[in-house]
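Enquirer: Protein chains in written order, with the numbering used here: chain A, 1 to 354; chain B, 355 to 708.
Number of protein chains: 2
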Amino acid sequence: MKRKVTLKQIAKELDVSISTVSKALRNSIEISEDTRQKVQAFAKLYNYRPNNIALSLKNRKSNTIGIIIPEIVHHFFSKVITGIELVANKKGYNVIVGLSNESFDKEVINMQMLANGSIDGFILSISKETLQHQDYHHFVETINQGMPIVMFDRVVHEIPCDKVIVDDVKGAKKAVEKLITNGCKHIAIITTKDYVSVGKLRTQGYLSALEDHKIEPKSSLILKVDDKLLSDDNLDALEKEVELLFQSNKKIDGVFAVNELYAVTAMKVARKLGYSIPDDLQLISFTDGVLSKHSTPSLSTVSQHGQAIGEKAANLLINRLEMDHGDDNEYDEEEEVYETIIIETNLIERESTK
Amino acid sequence: MKRKVTLKQIAKELDVSISTVSKALRNSIEISEDTRQKVQAFAKLYNYRPNNIALSLKNRKSNTIGIIIPEIVHHFFSKVITGIELVANKKGYNVIVGLSNESFDKEVINMQMLANGSIDGFILSISKETLQHQDYHHFVETINQGMPIVMFDRVVHEIPCDKVIVDDVKGAKKAVEKLITNGCKHIAIITTKDYVSVGKLRTQGYLSALEDHKIEPKSSLILKVDDKLLSDDNLDALEKEVELLFQSNKKIDGVFAVNELYAVTAMKVARKLGYSIPDDLQLISFTDGVLSKHSTPSLSTVSQHGQAIGEKAANLLINRLEMDHGDDNEYDEEEEVYETIIIETNLIERESTK
DNA sequence: TTGTACGCGTTATCAA
DNA sequence: TTGATAACGCGTACAA
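#1: Note down, one range per segment and in chain order, each beta strand (DSSP E) of at least 3 residues found wholly within the stretch 537-584 of chain B.
#2: Let me check understanding here. Comparing Cα to Cα, which of LYS366/B, HIS487/B, ASP459/B, THR650/B lies closest to ALA263/A?
#3: What does DSSP give as the partner residues of THR142/A in its beta bridges?
#4: With DSSP as the reference, please indicate the residues paired to SER285/A in a beta bridge.
#5: Judging by CA-CA distance, which residue of GLU33/A, LEU207/A, SER208/A, ALA43/A is the nearest neighbour of LYS12/A?
#6: State the DSSP-derived secondary structure class of ILE68/A, mapped to helix, strand or coil.
#7: For the beta strand (DSSP E) containing ILE450/B, name the first residue and the last one.
#8: CB THR418/B to CB ILE450/B, shorter than 8 Å?
#9: Cβ atoms of ILE189/A and LEU221/A: under 8 Å apart, would you say?
#10: So for GLY310/A, helix, strand or coil by DSSP?
#11: Can you tell me which of the three DSSP states THR340/A falls into?
#12: Give the residues from the stretch 391-411 of chain B that approach chain A closer than 8 Å (Cβ to any Cβ), ordered along the chain.
#13: Report, in whole angstroms, the separation of the C-beta atoms of PRO424/B and LYS517/B, which I expect to be a contact under 8 Å.
#14: Strictly below 7 Å CB to CB, what residues from chain B border VAL290/A?
#15: Mind listing which residues of the stretch 108-124 of chain A have their C-beta closer than 9 Å to chain B's C-betas, in chain order?
#16: For ASN319/A, which of helix, strand or coil comes out of DSSP?
#17: If you run the structure through DSSP and keep just helix, strand and coil, what is ASP682/B?
#18: Quick test of your reading: ASN464/B and ILE422/B, contact by CB under 8 Å. State the CB separation rounded to the nearest angstrom.
#19: Taking the beta strand (DSSP E) that LYS517/B belongs to, which residues open and close that run?
#20: Check whether the stretch 544-553 of chain B touches the stretch 502-521 of chain B, counting contact only when three or more Cβ pairs, one atom from each stretch, lie closer than 8 Å.
#21: In the DSSP assignment, find the unbroken alpha helix (DSSP H) run with ILE81/A in it and report its ends.
#22: Taking 8 Å as the CB-CB cut-off, is GLU330/A touching chain B?
#23: Mind checking whether the beta-carbon of VAL530/B lies closer than 7 Å to any heavy atom of the ligand NAD?
#24: Return the CA-CA distance between ASP332/A and TYR338/A, expressed in angstroms with no decimal places.
#25: Would you kindly work out how many angstroms separate the C-alpha atoms of ALA308/A and PHE77/A, rounded to a whole number?
#26: Would you kindly work out how many angstroms separate the C-alpha atoms of LEU207/A and ALA172/A, rounded to a whole number?
#27: Would MET677/B be called buried (16 or more neighbouring beta carbons within 10 Å of its own) or exposed?
#28: Mapping DSSP to helix, strand and coil, what is LYS356/B?
#29: Residues bridged to MET621/B by DSSP?
#30: Per DSSP, MET151/A is paired with what?
#31: According to a CB-to-CB cut-off of less than 7 Å, which residues of the stretch 417-442 of chain B neighbour chain A?
#32: Consider the Cβ of LEU453/B: report whether some Cβ of chain A lies at a distance smaller than 8 Å.
#33: I'd like the list of long-range same chain contacts for VAL393/B, defined as Cβ closer than 6 Å, with 5 residues on each side in sequence excluded.
#34: Leaving aside the five residues before and after ILE277/A along the sequence, list all residues of the same chain whose C-beta is less than 8 Å from its C-beta, in chain order.
#35: Tell me ASN700/B's beta-bridge partners as DSSP assigns them.
#36: Measure the Cβ-Cβ separation of THR82/A and VAL427/B and say whether it is below 8 Å.
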């Protein structure tokens, strides 16, 4: 079992100095054709590759991006990672993933672990717990230490950093308007508690659509699910809540859900209660994932273009990383300008709407 | 914008030597109570954290695990990552993810990028293209350079490394036997081409179950899907193939599919053709993911326990990493012993079977 | 054309 | 009790 070969070993073996080897490998004109070839041949033979860690230390740059997301078993987040990875690799960056599991503590710890030299910047989506606590000191600290952050999807606008978001309000509004034009009179929404920023915004879009069409919102048609009730494998609580919603509002003919799971569950419950889809009841879900595409009937959704979000976020981060370069002593006080990019959603119509 | 504070800066500020600071922070008894407190207070104030990169270089150990998987938008792989991450973080390791996108070249490049000091070992599942080419030199080289690999799910037994797999044959067999005991007489299988190791094994299990029950296998009941036909968003090809299967075998009363997508598609096609589930047709799928759980009717599946696989793989790798430590000069020739751990599957019965 | 010396941030060893 | 030095692997400015 031979260890990885280093410049030092090559130098010793060939009886030249380390810097000669280094230069020879980088095709420096300082080195004679002769030794250059000799060194390169030897390096190839032993499959020499520069040690990334040493380079990172020397350059104070790891060429690695840290991603922190609440959970990975989630089509949207996976898609975003795919997008980030695509762009990052193309530009010579690696990607390192940390999961917060929707926990504040894990988010903080994970960021600390990564921020100590392992990565050059973060791309992240905030955990629910953090949003609820509204404690953002770890983001501020990270940024103050000169490490850029790009937030996506679940963002906090107080934090000075680039952001990539979806037009949640508009996307939700378009969806609800679709239901309205399709003839729905009694549209329910299944959403999250308000501290989840995207849930709140989508609820806003729902209300706005109603208002525009002079439909009086009814609080009994608004179900705000407390996802603390929901463990991964116990969906009974959710089903019961949804069932209650239908039973206390017999006239419901449209449902807008802020995520796939809520929509699929609503569909299941509705069918059990005898609704025919889309004749008696039409549904649209935010987030386009596997569930929507493959459910029967298939679900109409608001697509968020997760991969595009990831790509955009990676581009923003890398641009900033390569721009900041050498900013150390110059216009330190110059006000930084941050972008917030809005990725347009679009409505994908499938079988759950007419 | 203050850069991260280093030992050197603290030393200068407090007018002591770097090594004094280092020792003070590590609570060395060599240092006087007095200076120790002074240093620690200062370090806390400036939020000092040791630079991971420098530590990695010094210790020749990054405490980071590299994961290479074919794709992330896949419930099973996501679950495995979750499991790996869980164990890794608990033991002080980070996790860095590379995607091969089922491509041989990307697999090789990704491994090279990571193997140069960034990580201490790999956990990976082989890409389809690699399996097809049967070119495994990159695995062999990596292992020869002293970097341990743990393979999971899609493995190659020729490579000397630890492996975590599922009892694919047995799991498939149990599933098909369930269909048989439930009264199915004409059971079709929807599987992959044979070069996908797990597809082949599951097909084997299917055949074995039939044989045990003295049922003659019929090639017309075996559909081997060529997934090169299938782009992410074009599932028509798959649907057509499945439809053909049903139309040329009117007596099919049971379907075993090697993954969720195939199963859900089969269910959709069958319902379109007028089958009632589970009365006319029963289905079981390998792989337990979101699709199965939330489809209507919900799908009975063979659960692979992705998270358990990830946890086991991480444990294997970390154990080996911490065992190898200092093995440099001792019994170098001692034959390494590798484990292959088999994670038992179990059948989850839902509405698609009686 | 080649080699020496330094620094990136840390720790371990040895000297003061 | 503290400090100087070397080392991890690399690249580069400068000296030979």
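Yeah, the Cβ is synthetic: ideal placement off N, Cα and C, and Gly gets one too.
Expert: According to the data block:
#1: 541-546, 576-579
#2: THR650/B
#3: Partner(s): none; THR142/A has no beta bridge.
#4: ALA257/A, THR301/A
#5: ALA43/A
#6: strand
#7: 448-453
#8: yes
#9: yes
#10: helix
#11: strand
#12: ASN401, ARG403, PRO404, ASN405, ASN406, ILE407, ALA408, SER410, LEU411
#13: So it is not a contact: roughly 16 Å between Cβ atoms.
#14: VAL644, LEU645
#15: ILE109, ASN110, GLN112, MET113, LEU114, ALA115, ASN116, GLY117, SER118
#16: helix
#17: At ASP682/B the pLDDT is 45, less than 50, meaning the model places this residue with poor confidence and gives no usable figure here.
#18: 6 Å
#19: 516-520
#20: yes
#21: 75-90
#22: In this prediction, GLU330/A has a pLDDT of 45, which is less than 50 and means its spatial position is unreliable; nothing more can be read from the coordinates.
#23: This structure does not include the ligand NAD; it has no bound ligands of any sort.
#24: Unreliable placement is indicated for ASP332/A, whose pLDDT of 46 sits below 50; the coordinate value is still reported in the next sentence. Their backbone Cα atoms lie some 16 Å apart in a straight line.
#25: 12 Å
#26: 9 Å
#27: exposed
#28: coil
#29: Answer is none; MET621/B lacks a bridge partner.
#30: LEU124/A, LYS163/A
#31: ILE426, VAL427, HIS429, SER432, LYS433, ILE435, THR436, GLU439
#32: yes
#33: VAL375, ALA378
#34: MET267, ALA270, ARG271, LEU283, PRO297, GLU351, SER352
#35: SER657/B
#36: yes
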